[in-house]
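As structure tokens, the structure follows; a few thoughts come after it.
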Amino acid sequence: MLHPEEIVNKLKEYIGDGLLEWEVRTRFDGVTNIREQKHLYIKLNRGAFHRSVAFLYKISPLHISCPMASIESEEAIELIYPFMIYSGHGDQTEQPLIVSYDIPKSDLRTVSVTDIIPGIIIMERETQEMLGIEVENLPDERRIFTPDNMEEGFLPLRDKVSGISEE
Amino acid sequence: MLSTVSRIMQQFFGRRSTNVFPVKYAPESVIDALAGGDIHPPISMPEGYRGKLSYDFDKCIGCGMCLKVCPAKALEDYPIMDTEKNRPSKRIVFYRGKCTYCEECVKVCPVGAIKLNPDFMMANYEKYGDDQIEGIEKRREFEVKEGQ
Amino acid sequence: MSNKETYKLQIGPTHPAFKEPVRFEFEVDGEHVLHADIDMGYTHRGIEHVSKERNFIQIIYLLERICGICSTSHPMAYCLAVENAAEIEVPARAKYIRTIVGELERLHSHLLWAGVAAHEVGFDTLFYTTWDIREKVMDCLEVISGNRVNYAMLTIGGVRRDIIGEVAEAVNKTVEYYSDLYSQLEDIMLNDMSLRLRTENVGILTYDEALKLCAVGPTARASGLAKDVRADYAVNAYPDIPWLKAITPNDVGKKPVGDIYDRIVVRVLEIKQSVDIIRFCMENMPGGEIVAEPKAVKVINQLKKVKAHGIGRYEGPRGEVSHYDILDNNECPVGVKVKAPTYSNIISWVPMFRGAEIADIPIIMSSIDPCIACSDRASFVEGEGKKTVSFGELRKLSMEKMNKIRRGL
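Residue numbers (the working numbering), protein chains in the order written: chain A, -3 to 163; chain B, 43 to 190; chain C, 922 to 1330.
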């Protein structure tokens, strides 16, 4: 089992400049047996995302824990993927590996990782319909939660953009 | 297999596992003759049961903390004139149809003016009928309308 | 190439065999299902959007209503996420109480599921039995929290009610009741011939598929994938329990196949595990405070000053519940992302249905213990004429309604 810093070093070797920032945060829980849990936050370049996931999956199969969260700023949307690594090893050794990258608003596109983690498909479909980010190479492009007859351009989870006026 | 058969027998002749609705609370139009209330008497609720909300108008100081924590926005404030202290103050009404019975307002109230009672009989046809709004009589009496 | 034509069989959105609205489109050849397609979103309520307009305390009760069965799991994951972001230390006693309430919930959820599954295969005696014995744990939860469902036990930084005196006695009694009953329950659930015939080698999800499709909870564990947040990730009092581990069919000396029977095995063993965990917690519960900051308004003010991300994970009865919260110096979070266990398991239905018979559809569907309401979380559709309305519009409509009522006063 690799330490978060070792994972970062390996990843840095592989993608180089694609890795923009990283941080390890520690969390403790338990009463008589206090366990330490290291959370690794990685910020990537959009172009390096697919390669990095493929690389990390080779270290140990990734588990996607939560649908992608997003932070909207003036010119970009940050998409956050909460992955887990070393799931199912027991003994409180799972490591959260939170990968994020910016998508400029002028070019709302990203690439699907369903070829590596097939279980992520519903989350990518949700991201596509809720945030309006076009996910390339998605095997199934239909809507999942919103109705099929919903107006084009109405993006429920975006802060400011909405196809329907407030009147 | 045998255990299954004994289970079936139990289910036929055994005790019911759920509580039967107390006849006492049945609408009068349905069973006048049984309104005495001895058949299926009500089962006592455990201590701390979160049921019907009650509000003490006189204890309330109008701080508005309950409005801040209520998750369902089931509370509404209205202006009154506090005659004792001779200054404007606020009091609240509760829309029982919106209440989620989380007890957050009870915990936050600094003077204990709000309480949850063990009473659970709250069904009604009118969502905003008078008996579904706690403190409505006081509001009609004391509310200071605009321009007064 | 045969010239046999296949048919499309549509089941849902509402169907007597399903407990919640979800639509399936099966491609069938005679009695055999070739392919299944899933359509969801019929109970989408926009909880993630609504959360952005509520303060941190109000959200707890909103999230509690994502699902009636796992009504502790969602607030638990949310509280853990906020505590993770704001670095709030939870008192030791509160951790134990959280564990007890969570395990009682698991007990009732697994019994409820056993009843539903038994009903789906037409074994109504077992349905009656499990729901009958489930009443005891519901009563216990009512004594602890004051309500049978939606316990409202959790708050940020601890719990709201203590387990002492009569309440502790009620919990101990419940533990005894289930320990005595367990062998009988295990006998009926695992050895009954008719149940085995209906469930063995039906709805198979292999280990590789479970891993690739990121399955969680008993569904994954029945396939031999030992994923369990309680054992993998340090939450509450679980790290204290030395014997705690993820349960797989290996524990009864059976090689995991990933069929429905294995899912029954896992859940039945988890009933025993839950009882043992509750007993452990009752025996080892430390004293002290139950909440870090009892005043809700102070908690809100404290969280106003936080700018951080938090992740909260908890093993609900159905699997991993995961929340990702983004705090940004505001009274309300700027982002709340919710993942319910069924969300991860939906896609696992596809391999399970492949090759199944039409008569097995209801039991395969319920074998993952689905909670569609959990996975669908904004209603943008108005009932009449299927008009799409925006949130602002919806609020304006409800304000008008309220004003009408007020004028009537």
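Note that beta-carbon positions come from the ideal geometry of N, C-alpha and C, so glycine has one too.
Mind checking if residue i is an interface residue toward chain C, Cβ cutoff 8 Å exclusive?
| i | result |
| --- | --- |
| A:Phe141 | yes |
| B:Pro144 | Inspection of the sequence shows that residue 144 of chain B is occupied by Cys rather than by Pro. Yes, B:Cys144 lies at the interface with chain C (some Cβ there is under 8 Å from its Cβ). |
| A:Thr89 | yes |
| B:Tyr97 | no |
| B:Val111 | yes |
| A:Pro0 | no |
| B:Arg133 | no |
| A:Lys8 | no |
| A:Leu153 | yes |
Return the CA-CA distance between residue i and residue j, expressed in angstroms with no decimal places.
| i | j | result |
| --- | --- | --- |
| C:Met1273 | A:Leu151 | 33 Å |
| A:Pro100 | A:Phe45 | 15 Å |
| C:His936 | C:Ile1293 | 14 Å |
| C:His953 | C:Gly1043 | 20 Å |
| B:Asn159 | C:His995 | 27 Å |
| B:Tyr120 | B:Cys105 | 12 Å |
| C:His1345 | C:Pro1262 | Outside the shown range of chain C (922 to 1330) lies residue 1345 of chain C, about which nothing can therefore be said. |
| B:Met163 | B:Pro83 | 14 Å |
| C:Leu983 | B:Leu95 | 19 Å |
| A:Asp13 | C:Arg1239 | 41 Å |
| C:Tyr1182 | C:Gly1145 | 13 Å |
| B:Val135 | B:Thr125 | 19 Å |
| C:Ile968 | A:Lys34 | 30 Å |
| B:Ala68 | B:Glu89 | 24 Å |
| C:Cys1295 | C:Ile1199 | 26 Å |
| B:Glu145 | A:Tyr37 | 38 Å |
| C:Asp1149 | B:Val148 | 37 Å |
| C:Pro1215 | C:Gly1079 | 9 Å |
| B:Ile178 | B:Ala155 | 16 Å |
| C:Gly1276 | C:Leu955 | 6 Å |
| C:Asp1101 | C:Met1110 | 16 Å |
| C:Lys1166 | C:Leu1062 | 25 Å |
| C:Ala1136 | A:Gly115 | 8 Å |
| C:Asp1045 | B:Arg49 | 11 Å |
| C:Ile1232 | C:Lys973 | 17 Å |
| C:Glu1107 | C:Arg1142 | 18 Å |
| A:Glu17 | C:Thr1140 | 36 Å |
| C:Gly1209 | A:Ile117 | 46 Å |
| C:Ile981 | C:Thr1076 | 7 Å |
With distances taken from CA atoms, which of the options is nearest residue i?
| i | options | result |
| --- | --- | --- |
| C:Val1257 | C:Cys1000, C:Asn1266 and C:Ala1167 | C:Cys1000 |
| C:Val1096 | C:Glu1130, C:Val1150 and C:Glu1204 | C:Glu1204 |
| C:Lys1343 | A:Ile60, A:Ala50 and A:Gly26 | Outside the displayed span of chain C (922 to 1330) sits residue 1343 of chain C, for which this structure offers no information. |
| C:Val1227 | C:Gly1209, C:Ala1213, C:Pro942 and C:Pro1254 | C:Pro1254 |
| C:Asn1266 | C:Gly1138, C:Gly1208, C:Thr1169 and C:Glu969 | C:Gly1138 |
| C:Glu1121 | C:Pro934, C:Ile1284, C:Phe945 and C:Ile1162 | C:Ile1284 |
| C:Ile990 | C:Thr1127, C:Ala1073, C:Glu948 and C:Asp1246 | C:Ala1073 |
| B:Gly139 | B:Leu117, B:Cys102 and B:Ile85 | B:Leu117 |
| C:His1244 | A:Ile116, A:Ser56, A:Ala65 and A:Lys39 | A:Ala65 |
| C:Arg986 | C:Thr1046, C:Glu1041, C:Tyr1049 and C:Val1070 | C:Val1070 |
| A:Thr106 | A:Gln124, A:Ile113 and A:Thr89 | A:Gln124 |
| C:Asn1068 | B:Val47, B:Asp161 and B:Asp172 | B:Asp161 |
| A:Glu147 | A:Pro135, A:Gly128 and A:Glu132 | A:Gly128 |
| C:Asp1132 | A:Phe141, A:Met126, A:Leu104 and A:Met80 | In the sequence under discussion, the amino acid at residue 1132 of chain C is Leu, which differs from the Asp named in the question. The shortest Cα separation from C:Leu1132 among A:Phe141, A:Met126, A:Leu104 and A:Met80 belongs to A:Met80. |
| A:Arg21 | A:Asn133, A:Glu32, A:Ile3 and A:Ser83 | A:Glu32 |
| C:Glu943 | C:Met961, C:Ile1077, C:Lys929 and C:Thr927 | Looking at the sequence provided, one finds Val at residue 943 of chain C rather than Glu. Ranking C:Met961, C:Ile1077, C:Lys929 and C:Thr927 by Cα distance to C:Val943 puts C:Met961 first. |
Any beta carbon of chain B sitting closer than 8 Å to that of residue i?
| i | result |
| --- | --- |
| C:Gln979 | yes |
| C:Ile1109 | yes |
| C:Arg1014 | no |
| C:Thr1046 | yes |
Can a CB atom of chain A be found closer than 8 Å to the CB of residue i?
| i | result |
| --- | --- |
| C:Glu946 | no |
| C:Pro1207 | yes |
Using 8 Å as the threshold, is the segment 177 to 185 of chain B in touch with the segment 153 to 168 of chain B, meaning 3 or more CB pairs across them? Contact between the segment 177 to 185 of chain B and the segment 153 to 168 of chain B is absent: fewer than 3 CB-CB pairs across the two stretches fall below 8 Å.
Within the chosen definition, does the segment 1181 to 1190 of chain C reach the segment 1149 to 1159 of chain C through at least 3 CB pairs nearer than 8 Å? For the pair of segments examined, the segment 1181 to 1190 of chain C was found not to touch the segment 1149 to 1159 of chain C: the number of CB pairs separated by less than 8 Å stays below three.
Length-filtered (4 minimum) alpha helix (DSSP H) runs lying within the segment 1217 to 1249 of chain C: You should have 1217 to 1224.
Continuous alpha helix (DSSP H) assignments of at least 4 residues falling wholly in the segment 950 to 984 of chain C: Complete alpha helix (DSSP H) runs here, min 4: 968 to 972.
Could you give the uninterrupted runs of the beta strand (DSSP E) lying entirely in the segment 1140 to 1228 of chain C, keeping only those of 3 residues or more? Listed in chain order, nothing qualifies, since the segment 1140 to 1228 of chain C has no complete beta strand (DSSP E) run of 3 or more residues.
I'd like to know if the segment 1018 to 1027 of chain C and the segment 1047 to 1054 of chain C are in contact, where contact means that at least 3 CB-CB pairs between them fall below 8 Å. Contact between the segment 1018 to 1027 of chain C and the segment 1047 to 1054 of chain C is absent, because fewer than three Cβ pairs lie under 8 Å.
Curious, which full-length beta strand (DSSP E) runs of at least 3 residues does the segment 82 to 130 of chain A contain? Runs of the beta strand (DSSP E) lying entirely within the segment 82 to 130 of chain A, each at least 3 residues long, are 91 to 100 and 105 to 107 in chain order.
In chain order, what are the residue ranges of uninterrupted beta strand (DSSP E) at least 3 long that sit wholly in the segment 33 to 72 of chain A? Counting only runs of 3 or more, we get 65 to 68.
Going along the chain, which unbroken runs of the beta strand (DSSP E) with 3 or more residues stay wholly within the segment 105 to 175 of chain B? Counting whole runs of 3 or more residues, the segment 105 to 175 of chain B contains the beta strand (DSSP E) stretches 117 to 124, 129 to 137 and 156 to 158.
Decide if the segment 38 to 58 of chain A is in contact with the segment 92 to 107 of chain A; the criterion is three or more beta carbon pairs, one per stretch, under 8 Å apart. Contact holds: three or more Cβ-Cβ distances are below 8 Å.
Can you find at least 3 beta carbon pairs, one from the segment 1000 to 1009 of chain C and one from the segment 1212 to 1231 of chain C, that sit closer than 8 Å? The segment 1000 to 1009 of chain C, when compared against the segment 1212 to 1231 of chain C, does touch it at the 8 Å Cβ threshold.
Complete alpha helix (DSSP H) runs within the segment 1000 to 1053 of chain C (minimum length 4 residues, chain order): As far as the segment 1000 to 1053 of chain C is concerned, its whole alpha helix (DSSP H) runs of at least 4 residues are 1013 to 1041.
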